[in-house]
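The next block holds one structure in the form of structure tokens; read it before the comments.
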Amino acid sequence: MTDDQQTIQLPTVVIVGRPNVGKSTLFNRIIGEQVAIVENRPGVTRDRKEVEAEWLGRPFLLVDTGGWLPGGTDLDAKVSRQVEAAVKSADLVLFLVDGAVGVTEDDESIAIWLRRIKSPVLLVANKADNDRREGERWEFLALGLGDPIPVSALHGRRAGDLLDEVIARIADVSAAGIADAEEAEQDWVPPEIAPPRVAVVGRPNVGKSTLFNRLVGEDRSVVHDMPGTTRDAIDTLVETEDGPIVFVDTAGMRRRSKIDDAAEYYSFVRALRAIDDADIALFVIDATEGVTGQDQRLAERVDAAGCPIVLMLNKWELIDDADRRLDVIADVKRKLGFIGDAPILKISALTGMGVHKLRPVLQDAIEQYHRRVPTRDVNKVIAAAQQKQPAPGGTRVLYAMQGATDPPTFTLFVNRELPHTYLRYLERSIREAFDFGSTPIKLRVRRRTE
């Protein structure tokens, strides 16, 4: 059974609370690694993040959310809607409060909301770092959500007791889910390859999350007209007419020298990791600004990851002048020519204009990325290329084969070292012969042992 199929059956545990009570710290403590970005100030977590967790052999889906803060700014309202959407599908809600601060008005507002929902709620008093703090937890009884469970997410104190209670609360849901999963597994046939991962990348505030939400079909990432809204890479599996695709929304990336914020630095690191794991990158550029130096540096990093790139010129509807549009296209081809013959789509993520053209382009890129060429055909192309233009100094490719896909990787067995320029010639010959388009190709050279 695939991870995605299994996740559907797992009970869902959602962590909620006002900003800066330690939700992401508890999330990381339960997962056992630094998955969510943590910093000692409110508002770091904005999108909800879902990861499979396990305790005593019982798996469940753990969801980290942003701080629920109604009545705040427009961004606060959007984050709060993300929290509310997560709670609707929860089998258990962990309401986290700050044991060092005590009951606040925001805690009371959240408690009123949680008492109205159908999902069971477990009240958790965080920052109970010692016996005195544990004793102070009883003031949270005033919230009307039962006995608070003390825990120190930072130090791990009583984390096991909390997880024991979580497992006890979701036992019935988990058992039903496992039974359904076992029944489904009998008829399930594993796919040959995993769903392709499509990362939406670009510098801050170019419309990545807006495009991501349009592709996914729901408000899965928080969208706001302030740079740096997305902090984590958000994965969403989407069933399309062409099969399942995992879309990944990433945080906007700036130069490291410009990053002076710890949370932004970790967002940058996770965005790079998402690019390295991606099969295709949708590179979003603000058409009204054209290609900036920051775009060029980011494109170099994406190109180095070895996945196909589709250039998305967003906000195209804001450019009315025909000559200006021609200048933008020429500027893209001139400044980003090093990434090869990448498709260029003119779109509006906000209105949906041109987004429908992505589907065939995406399918071509996916097919090219996974394409495998028979060894016989590879050697025919190499032989024809050498006959048309022999390598200098008597250097010859004796045999060639494709050793891997994702990206297509070819191994050349040679009698002596090949010049770099000749390798580029052979790469171009392979690309044209097998219609690899803009998909990166790797060539590995091995010298024949005497």
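Residues in the sequence shown are numbered from 595 upward in steps of one, following the working numbering.
All residues carry an ideal CB built from backbone N, CA and C; glycine is no exception.
Quick caveat, the model's predicted, so the values are computed rather than measured.
Measuring straight from C-alpha to C-alpha, what distance separates residue i and residue j?
i: W910; j: I941; result: 6 Å
i: C901; j: I923; result: 22 Å
i: S803; j: R970; result: 45 Å
i: H818; j: L876; result: In this predicted model, H818 has a pLDDT of only 46, less than 50, meaning its place in the structure is not dependable enough to derive any value.
i: T830; j: L892; result: 23 Å
i: R1025; j: I1035; result: 8 Å
i: D758; j: Q890; result: 50 Å
i: K643; j: P798; result: 20 Å
i: D755; j: I761; result: 10 Å
i: P986; j: D935; result: 28 Å
i: L553; j: I976; result: Shown here, the chain extends from 595 to 1044; a query on residue 553 therefore has no answer.
i: S703; j: G948; result: 43 Å
i: S768; j: K721; result: Any answer about S768 is weak, because its pLDDT of 48 lies below 50 and its placement is not dependable; what the coordinates show is given next. One C-alpha to the other measures close to 29 Å.
i: T606; j: L805; result: 27 Å
i: D1029; j: D958; result: 10 Å
i: L920; j: Q962; result: 29 Å
i: I624; j: L1017; result: 50 Å
i: G811; j: T834; result: 11 Å
i: T619; j: R867; result: 21 Å
i: Q888; j: T1033; result: 23 Å
i: G801; j: T886; result: 15 Å
i: N614; j: A916; result: 49 Å
i: T844; j: A899; result: 15 Å
i: H544; j: Q676; result: Here the chain has residues from 595 to 1044 only, and residue 544 is not among them.
i: V832; j: I960; result: 15 Å
i: F621; j: V715; result: 16 Å
i: G611; j: R1022; result: 56 Å
Sort the options by Cα distance to residue i and report the nearest one.
i: P984; options: E835, T1015 and P714; result: T1015
i: G1031; options: R1010, R675, R1041 and P1001; result: P1001
i: D1105; options: T882, G884 and D897; result: Look at the range of the chain in this structure, 595 to 1044, and you will see that residue 1105 is not part of it.
i: R918; options: G884, K951 and I960; result: G884
i: R966; options: V615, L1012, A998 and T882; result: A998
i: E678; options: Q962, R710, T1033 and R1022; result: R710
i: F836; options: Q981, R953, N724 and A684; result: It is Asp, not Phe, that sits at residue 836 in the sequence shown. Nearest option by C-alpha distance: R953.
i: V695; options: K712, E728, H950 and S713; result: E728
i: N724; options: P714, G750 and M995; result: G750
i: D685; options: T659, R1022 and R763; result: R763
i: S713; options: D915, R726 and S683; result: S683
i: I913; options: T882, R752, P838 and P968; result: T882
Since residue i and residue j should fall inside the 8 Å C-beta cutoff, what is the C-beta to C-beta distance between them, to a whole number of angstroms?
i: I869; j: R895; result: 7 Å
i: I609; j: V657; result: 7 Å
i: V842; j: P789; result: The pair is not a contact, with the Cβ atoms about 11 Å apart (cut-off 8 Å).
i: L688; j: P653; result: L688 to P653, Cβ: 17 Å. No contact.
i: L907; j: I933; result: In fact, because the Cβ distance is near 14 Å, the residues do not count as touching under 8 Å.
i: V1008; j: R1038; result: Actually they do not touch by this definition, with Cβ atoms about 11 Å apart.
i: D563; j: L737; result: The structure shown does not extend to residue 563, since the chain spans only 595 to 1044, so no value can be given for it.
i: L1012; j: A994; result: Going by Cβ atoms, the distance from L1012 to A994 rounds to 12 Å, so no, they are not a contact pair.
Do residue i and residue j have their CB atoms nearer than 8 Å?
i: E730; j: G693; result: yes
i: V691; j: L717; result: yes
i: V794; j: V926; result: no
i: G651; j: R808; result: no
i: V697; j: E733; result: yes
i: L735; j: L708; result: no
i: I743; j: A719; result: yes
i: R990; j: Q980; result: yes
i: D904; j: L956; result: Looking at the sequence itself, residue 904 is Val, so the reference to Asp does not match. Closer than 8 Å, so yes.
i: G616; j: A747; result: yes
What are the partner residues of residue i, as DSSP defines its beta bridges?
i: I993; result: The displayed chain sequence assigns Tyr, not Ile, to residue 993. Bridge partners of Y993: F1007.
i: N720; result: D692
i: A998; result: T1003
i: I879; result: L907
i: E644; result: V657
i: V608; result: V657 and V687
i: S746; result: R751
i: P838; result: E833
i: V1039; result: L1006
i: I938; result: L905
i: W649; result: R652
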